[in-house]
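Novice: Its first residue numbered 17, the sequence shown is counted upward by one per residue in our numbering.
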Amino acid sequence: MKNRTQTLITVILMLLFLTSVPLVLLNTAGYRINIRTRQLERTGILILRSAPPDAHILLDGVLQDERTPARLSQLLPREYRVTAEREGYRPWSKLLTVESQRSTFAEDIILFPDQLPVRVADAAARSLAVAVDGTLVYDDTTGSTTEIHFLRPNGEETTVTRVSHRSGGDQWLRLRWSPDGRTVLAFGDIAPTLVSLDGAQRVLTVPGPLSEAVWSGQDLYLLADGRALVQSEDGATRPVTTSTAALLWRQEGLTYVGRAATGTISVDVLAANGSILRSALLRLPGNVGWYRFLPSPNGLLTLLGDGRVRVFDAESGATRIDRPAYDAVWRLDGTPELLLSTNFEIWTVNPDDQAQLLTRLGAPIRGAAWYPGGTHVLYASGDAVAAIERDDRGGRIITPLFTLPDLGAFIVDEKGAAVFAAAAPAGKPGIFRYPIVIP
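1. Roughly how many angstroms separate the alpha carbons of I414 and I404, rounded to a whole number?
2. Specify, as a first and last residue, the run of the beta strand (DSSP E) that K444 falls within.
3. Is the number of C-beta pairs between the region 263-281 and the region 304-319 that are closer than 8 Å three or more?
4. What's the C-alpha gap between L132 and T278?
5. For the beta strand (DSSP E) containing E172, list its first residue and its last residue.
6. What three-state label does DSSP hand K110 in the structure shown?
7. Is the beta carbon of L111 sitting closer than 9 Å to the one on G410?
8. Have a look at the DSSP bridge pairing and note the partners of P451.
9. State the CB to CB distance for the pair E95 and L74, rounded to an integer number of angstroms; the pair is presumed to be in contact (CB under 8 Å).
10. What residue range does the beta strand (DSSP E) around Q80 cover?
11. Roughly how many angstroms separate the alpha carbons of I452 and A402, rounded to a whole number?
12. Between the alpha carbons of T260 and G242, how many angstroms are there, rounded?
13. What are the partner residues of L373, as DSSP defines its beta bridges?
14. Assuming F203 is part of the beta strand (DSSP E), what are its boundary residues?
15. Please report the residue range of the beta strand (DSSP E) in which I61 lies.
16. Determine the direct distance from the alpha carbon of P421 to that of K444, and round the result to whole angstroms.
17. Would you report the Cα separation of P340 and Y154, rounded to the nearest angstrom?
18. Who are the near neighbours of Y283 in its chain, counting only those whose CB is closer than 6 Å to its CB and skipping five residues on each side?
19. Could you name the residues of the same chain whose beta carbon sits closer than 7 Å to that of D407, not counting the 5 residues immediately before and after it, in chain order?
20. Can you name the residues that DSSP bridges to F309?
21. Roughly how far, in whole angstroms, is the beta-carbon of I337 from the beta-carbon of V345, given that I think they are within contact range, below 8 Å?
22. Since I believe A385 is in contact with V327 (beta carbons under 8 Å), could you give me their beta-carbon distance rounded to a whole number of angstroms?
23. Using DSSP's beta-bridge definition, name the partner residues of D155.
24. Note down the Cα distance separating I164 from L144, rounded to an integer number of angstroms.
25. Once DSSP output is grouped into helix, strand and coil, what is the label at L42?
26. Straight-line CA distance for G204 to D196?
27. Which ranges would you report for the beta strand (DSSP E) in the region 231-282 if only whole runs of at least 3 residues count?
28. Mark A437 as exposed unless 16 or more other C-beta atoms lie within 10 angstroms of its C-beta, in which case mark it buried.
29. With three or more beta-carbon pairs closer than 8 Å as the criterion, would you say the region 347-366 touches the region 376-394?
30. Under the rule that 16 or more other beta-carbon atoms within 10 Å means buried, what is F121, buried or exposed?
31. For L373, count the other beta carbons within 10 Å of its own beta carbon; 16 or more makes it buried, fewer makes it exposed. Which is it?
32. Would you decide whether D130 is buried or exposed? Buried here means 16 or more other CB atoms lie within 10 Å of its CB.
33. Going straight from the alpha carbon of G389 to that of S180, what length do you get?
34. Can you tell me the Cα-Cα spacing of P93 and Y237, whole angstroms?
35. Measuring CA to CA, which of K431, V435, D369 and G305 is closest to A396?
36. Measuring straight from C-alpha to C-alpha, what distance separates L189 and I206?
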């Protein structure tokens, strides 16, 4: 009896060994039995990365042992509901398909803070601008008086100048930082004023209302009452050209001046001494209200106006993009991608005019901005600001960020990892800060 038992145990162990070895080998080779299909299938891999990291991972609602960044292997090929969660942040959730013998990547997961924006200043602001060091400049406009304020990254606030409006002028205020982030030019319905971080200020003397201003190093190129001027750092002013100008731009060491003719505006390229290097590089319809140049990647020229955005080759003048748009902005990291918005749509376009529709809304779009890294786009509609993911697998995720009554201008501060917005909750105007995560 004893021998029979030993023999039986030996046979059972041998059978277990013989049946388990192939399973172990198949598992090692990336095979698993799919209970749903009752078939042996080759598995796939899911690679996840989030900002911030250390987020919990759930697959179809089941918590995994790993946290981001993570590599989940031996997954059966099918669609999964992938969720990333971290305390204090809004969860991210998307349907992703894992394929046999392939890796599926989701490395641009952004977890947005689950908190309300914080009031950082009391001001009725019309315009916001951020310097390279993260210093915010904004206005506080009450009645016929505008104050210019600086808000440093450490939270220190400084009031640097107070100016009065001029009557009958442009009803918008523009704030333009110098490239080194030490001086800002404020112009529009106020006297054009240079304001430095140290408090120094100087009102520019120009022959009429200032309609455009472009920094080139420490020089300022100005368009005032049809005259194109350049003002050097010491305050000396000289004409760029003696001809009447309708447009002015400075890029890559060249000056672009638009001249109005019958029904058209022709844009010439000028040398430093004012001589024409290229006549009529661009020809634009002249029967429109306004045009303005936009900062562009090297080799391209971008014009907004007439309800359209037009992109041209800076060498040949050939049209690269011509699309409806009321606002447009290129990525600041140098990647040649243009973000444009119409009343109800947001698009991204590359210089070859290959376009991608991100969203179409039922309410007017009030503004759009690139998220740092270009993985998302922020936009305002009504009193709400939201982020839309550019990855369209499983549908683009739209994350509501915050809502502020009487929302006005908003701007992304990449240096300080924040969104600043002007609003007036309960009728009390102010500047609000919402933190973001930089990937």
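Yeah, the Cβ is synthetic: ideal placement off N, Cα and C, and Gly gets one too. Here the structure is a predicted model, which is why all the values come from computation and not from measurement.
Specialist: From the atom records:
1. Translated into positions along the sequence shown, residue 414 becomes position 398. Translated into positions along the sequence shown, residue 404 becomes position 388. Here the alpha carbons of I404 and I414 stand approximately 4 Å from one another.
2. Looking up residue 444 in the sequence shown gives position 428. No beta strand (DSSP E) contains K444, which DSSP labels as neither H nor E.
3. The region 263-281 makes contact with the region 304-319; the number of CB pairs closer than 8 Å reaches 3 or more.
4. Mapped onto the sequence shown, residue 132 falls at position 116. Mapped onto the sequence shown, residue 278 falls at position 262. One C-alpha to the other measures close to 53 Å.
5. Taking the sequence shown and counting its residues from 1, the one referred to as residue 172 is at position 156. Segment: none, E172 is in no beta strand (DSSP E) and carries neither H nor E.
6. Stepping through the sequence shown from its first residue, residue 110 is reached at position 94. In this structure, DSSP gives K110 an extended state, which the three-state scheme calls strand.
7. Working through the sequence shown from its first residue, we reach residue 111 at position 95. Working through the sequence shown from its first residue, we reach residue 410 at position 394. Yes; because the gap between Cβ atoms is below 9 Å, this pair is in contact.
8. On the sequence shown, residue 451 is found 435 positions in, with the first residue counted as 1. Beta bridge pairing from DSSP links P451 with A434.
9. What you label residue 95 is simply residue 79 of the sequence shown in a count that begins at 1. What you label residue 74 is simply residue 58 of the sequence shown in a count that begins at 1. Not quite, the Cβ-Cβ distance comes to about 15 Å (not below 8 Å), so this is no contact.
10. Residue mapping note: residue 80 aligns to position 64 of the sequence shown, counting from 1. Following the DSSP letters along the chain, one finds Q80 inside the beta strand (DSSP E) bounded by residues V78 to R83.
11. Here residue 452 refers to the residue found at position 436 when the sequence shown is read from its first residue. Here residue 402 refers to the residue found at position 386 when the sequence shown is read from its first residue. C-alpha of I452 to C-alpha of A402: approximately 12 Å in a straight line.
12. For this step, residue 260 is matched to residue 244 along the sequence shown. For this step, residue 242 is matched to residue 226 along the sequence shown. The straight-line gap from Cα to Cα measures roughly 5 Å.
13. If you number the sequence shown from 1, residue 373 lands on position 357. Paired residue(s): W363.
14. Residue mapping note: residue 203 aligns to position 187 of the sequence shown, counting from 1. Where F203 is concerned, the enclosing beta strand (DSSP E) stretches over T199 to G204.
15. Taking the sequence shown and counting its residues from 1, the one referred to as residue 61 is at position 45. Under the DSSP assignment, I61 falls in the beta strand (DSSP E) whose first and last residues are G60 to A67.
16. Sequence index remark: in the sequence shown, residue 444 carries index 428 (1-based). Sequence index remark: in the sequence shown, residue 421 carries index 405 (1-based). When only Cα atoms are considered, K444 and P421 end up about 10 Å apart.
17. Here residue 340 is taken as the residue at index 324 of the sequence shown, counted from 1. Here residue 154 is taken as the residue at index 138 of the sequence shown, counted from 1. Distance between the alpha carbons of P340 and Y154: 30 Å.
18. As a position in the sequence shown, residue 283 is number 267, starting the count at 1. For clarity, residue 283 is Val in the given sequence; the question names Tyr instead. For V283, where only same-chain residues beyond five positions count, the Cβ hits under 6 Å are Y272, G274, L297 and L298.
19. By 1-based counting over the sequence shown, the position of residue 407 is 391. Here the set comprises D124.
20. For the purposes of this step, residue 309 is identified with residue 293 of the sequence shown, where counting begins at 1. Checking the DSSP bridge columns, you'll see F309 partnered with L319.
21. Numbered from its first residue, the sequence shown carries residue 337 at position 321. Numbered from its first residue, the sequence shown carries residue 345 at position 329. The Cβ separation is near 13 Å, so there is no contact.
22. As a first step, residue 327 must be located in the sequence shown, where it is residue number 311. As a first step, residue 385 must be located in the sequence shown, where it is residue number 369. About 19 Å separates the two Cβ atoms, so there is no contact after all.
23. Sequence index remark: in the sequence shown, residue 155 carries index 139 (1-based). Partner(s): I164.
24. As a first step, residue 164 is located in the sequence shown; it is residue number 148 there, counting from the start. As a first step, residue 144 is located in the sequence shown; it is residue number 128 there, counting from the start. A straight line joining the alpha-carbon of I164 with that of L144 spans about 10 Å.
25. Locating residue 42 in the sequence shown gives position 26, where the first residue counts as 1. Low confidence applies to L42: its pLDDT is 42, below 50, so where it sits in the model is not reliable enough to give any reading.
26. One-based indexing of the sequence shown puts residue 204 at position 188. One-based indexing of the sequence shown puts residue 196 at position 180. If I take the Cα positions, the gap works out to 22 Å.
27. Within the region 231-282, the complete beta strand (DSSP E) runs of at least 3 residues are 235-240, 243-247, 253-255, 263-267 and 270-277.
28. For the purposes of this step, residue 437 is identified with residue 421 of the sequence shown, where counting begins at 1. A437 is classed as buried because its beta carbon has at least 16 other beta carbons within 10 Å across all chains shown.
29. Output reads yes: the region 376-394 touches the region 347-366.
30. Against the sequence shown, residue 121 aligns to sequence position 105. F121 is exposed by the Cβ-count criterion.
31. Here residue 373 is taken as the residue at index 357 of the sequence shown, counted from 1. Exposed, by the Cβ-count rule.
32. In the sequence shown, residue 130 corresponds to position 114, counting from 1. Exposed: under 16 other Cβ atoms inside 10 Å.
33. By 1-based counting over the sequence shown, the position of residue 389 is 373. By 1-based counting over the sequence shown, the position of residue 180 is 164. In a straight line, the C-alpha of G389 is about 39 Å away from that of S180.
34. Here residue 93 refers to the residue found at position 77 of the sequence shown. Here residue 237 refers to the residue found at position 221 of the sequence shown. Computed Cα separation, rounded: 60 Å.
35. Within the sequence shown, residue 396 is the residue found at index 380, counting from 1. Comparing alpha-carbon positions, the option among K431, V435, D369 and G305 lying closest to A396 turns out to be V435.
36. Residue numbering aside, residue 189 sits at position 173 when the sequence shown is read from its first letter. Residue numbering aside, residue 206 sits at position 190 when the sequence shown is read from its first letter. When rounded, the distance between both Cα atoms is 8 Å.
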